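> Have a look at this one.
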Amino acid sequence: MLTRRKIKQLQAAGYDLALLAHTQPQGNVDTTLDSHLVFGGSCVACLHVFKFPKERLAYFWLRKFMKYDFTVTSISLGTEDQRKIRKALQNSVAETSSQARDLNAKPIARMEADEANQKQAALLRDLLHAEKMKRLSIRVFVYADNETQLRQRLTKITDDMPMILGCGFSMVNKKQSLEAYMCRPKSKVYWIITGKARQ
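Structural data, given as structure tokens:
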């Protein structure tokens with residue numbers, strides 16, 4: 006807290022105290038919220054992209070993630086462990102093959118298992134012939150001056166991007182936003198937001 010004497014000295018020196026009060030950090034980091042972090046007078050949330058379009062991607066399609074003024078986008082590309090992926094695919098191909106041949110199963114379940122088996126077998130063939138499985142991780146950090154504005158910005162992104170690219174988003178909580186992880190959803194949804202914003 007500034008004393009009256011110090012305020013007069015700063016004003017005499019030509020400082021714009023109203024501007025400084027508006028722009029200076031206003032305190033510590035609040036990590037008690039699950040859905041976002043509060044840094045002084047600003048709020049930050051992280052969206053993790055977990056679903057990507059499978060075909061018909063235009064050149065420079067990743068630019069669409071960077072078109073918002075209130076975001077910072079982090080993109081990382083890595084190579085997966087090929088032996089683990091091959092082993093998991095071999096197990097999956099064997100399992101779907103046995104499901105497709107199960108005479109006690111319903112015809113639709115056998116057809117779905119057969120289709121999944123063919124897709125996984127084709128992917129396994131590609132991996133055995135020198136193809137490399139890559140991991141693409143995209144995080145969109147959204148910031149705002151207050152929680153209401155942050156929720157509006159998050160809603161704008163999660164409403165726009167699935168229509169533009171068909172991407173899926175999940176909200177990253179405070180701990181996960183600082184760790185490297187891969188989100189693997191089990192349900193086929195275009196986008197979800199998990200976590201609660203403080204009311």
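Offset between the sequence shown (1-based) and our numbering: plus 5. The C-beta atom is built at its ideal place from N, Cα and C for all residues, glycine as well. Treat the numbers as computed from the prediction; the structure is a model and nothing was measured.
Measuring alpha carbon to alpha carbon, tell me which residue in L159, V145 and T163 is nearest N151.
The count along the sequence shown starts at 1 and reaches residue 151 at position 146. Ranking L159, V145 and T163 by Cα distance to N151 puts L159 first.
> List the endpoints of the continuous alpha helix (DSSP H) containing K139.
In the sequence shown, residue 139 corresponds to position 134, counting from 1. No alpha helix (DSSP H) holds K139; the beta strand (DSSP E) holding it covers K139 to A149.
> What does a CB cutoff of less than 8 Å around L15 pick up in its chain, not counting 5 residues either side in sequence?
Taking the first residue of the sequence shown as 1, we reach residue 15 at position 10. If we look at L15 and ignore the five residues flanking it on each side, its Cβ neighbours are L7 and L22.
> Per DSSP, what kind of secondary structure is K161 in: helix, strand or coil?
Position 156 of the sequence shown, counting from 1, holds the residue named residue 161. K161: helix per DSSP, three-state reduction.
> Please list the terminal residues of the continuous beta strand (DSSP E) segment that includes T101.
In the sequence shown, counting from the first residue as 1, residue 101 sits at position 96. Per DSSP, T101 belongs to no beta strand (DSSP E); it is in the alpha helix (DSSP H), Q87 to R106.
> Enumerate in chain order the residues of its own chain whose CB-to-CB distance from T101 is below 8 Å, with the five nearest sequence positions on each side excluded.
For this step, residue 101 is matched to residue 96 along the sequence shown. Around T101: A118, D119, A121, N122 and Q125.
> Assign M71 to buried or exposed, taking buried as 16 or more other Cβ atoms, counted over all protein chains shown, within 10 Å of its Cβ.
Along the sequence shown, read from residue 1 onward, the residue named residue 71 stands at position 66. Burial call: exposed.
> Whole angstroms is fine: what's the gap from L67's alpha carbon to K59's?
Against the sequence shown, residue 67 aligns to sequence position 62. Against the sequence shown, residue 59 aligns to sequence position 54. As the crow flies, the alpha-carbon of L67 is around 14 Å from that of K59.
> Sort F75, L133, L52 and R115 by Cα distance to K92 and report the nearest one.
For the purposes of this step, residue 92 is identified with residue 87 of the sequence shown, where counting begins at 1. Out of F75, L133, L52 and R115, L133 has the C-alpha closest to the C-alpha of K92.
> Select from V54, L129 and T84 the residue whose C-alpha is nearest the C-alpha of M138.
If you number the sequence shown from 1, residue 138 lands on position 133. Selected option, being the one with the closest Cα: T84.
> What do you reckon, are the CB atoms on S40 and Y148 nearer than 7 Å?
Start at 1 with the first residue of the sequence shown, and residue 40 comes out as number 35. Start at 1 with the first residue of the sequence shown, and residue 148 comes out as number 143. Contact flag unset, no.
> For a quick check, are the C-beta atoms of L115 and A99 less than 7 Å apart?
Taking the first residue of the sequence shown as 1, we reach residue 115 at position 110. Taking the first residue of the sequence shown as 1, we reach residue 99 at position 94. According to the sequence provided, residue 115 is Arg. The question's Leu does not apply to it. With contacts defined by Cβ atoms closer than 7 Å, R115 and A99 do not form a contacting pair.
> For the beta strand (DSSP E) containing A50, list its first residue and its last residue.
Your numbering for residue 50 matches position 45 in the sequence shown. Per DSSP, A50 belongs to the beta strand (DSSP E) from S47 to K56.
> Measuring CB to CB, does L82 end up less than 7 Å from L141?
What you label residue 82 is simply residue 77 of the sequence shown in a count that begins at 1. What you label residue 141 is simply residue 136 of the sequence shown in a count that begins at 1. Closer than 7 Å, so yes.
> Quick check: what's the CA-CA separation for M166 versus T153?
The residue given as residue 166 occupies position 161 in the sequence shown. The residue given as residue 153 occupies position 148 in the sequence shown. Answer to the nearest angstrom: the Cα atoms are 20 Å apart.
> What three-state label does DSSP hand L129 in the structure shown?
Position 124 of the sequence shown, counted from the start, is the residue given in the question as residue 129. Helix.
> According to the Cβ coordinates, are F146 and V43 closer than 7 Å?
Counting from one through the sequence shown, the residue named residue 146 turns up at place 141. Counting from one through the sequence shown, the residue named residue 43 turns up at place 38. No. Outside cutoff.
> Can you tell which of Q157, Q95, I143 and L155 has the C-alpha that lies nearest to the C-alpha of V54?
The residue given as residue 54 occupies position 49 in the sequence shown. V54 has its Cα closest to that of I143, out of Q157, Q95, I143 and L155.
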